[in-house]
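Student:
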Amino acid sequence: MQQLLYVLPVVVCPIVMGLVIWFMMRGTAQGHQQKPTSELEQELVKLRAEVNALRPVAAPFDERHPVSTLDATKPA
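Pasting the structure below:
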């Protein structure tokens, strides 16, 4: 009887893990529906425009961090 208690988890664990994986795969396949291609393309164009709007404008270094005459005379 004690030997059965040692072997039982070894036998049951892979079976339970297989069932869990099967249920998870089944759940994601039913709940996931892909959008039509035209909607995906429109969303992609919108997101690219948003990214471009958020990018900083390239400016020369001196315009971003101007050096005043007082700063130039201070020792580093």
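Residue 13 in our numbering sits at position 7 of the sequence shown, and the numbers go up by one each step. Backbone N, C-alpha and C fix where the C-beta goes; we use that ideal spot for every residue, glycine too. Since this is a predicted model, take the numbers as computed values, not measurements.
Specify, as a first and last residue, the run of the alpha helix (DSSP H) that residue 63 falls within.
Tutor: Neither: residue 63 is in no alpha helix (DSSP H) and is coded neither H nor E.
Student: If we require 4 or more residues per run, which alpha helix (DSSP H) segments fall completely within the segment 15-54?
Tutor: none
Student: Quick one: is residue 8 near chain D, going by C-beta distance under 7 Å?
Tutor: This model lacks chain D altogether; it includes just one protein chain.
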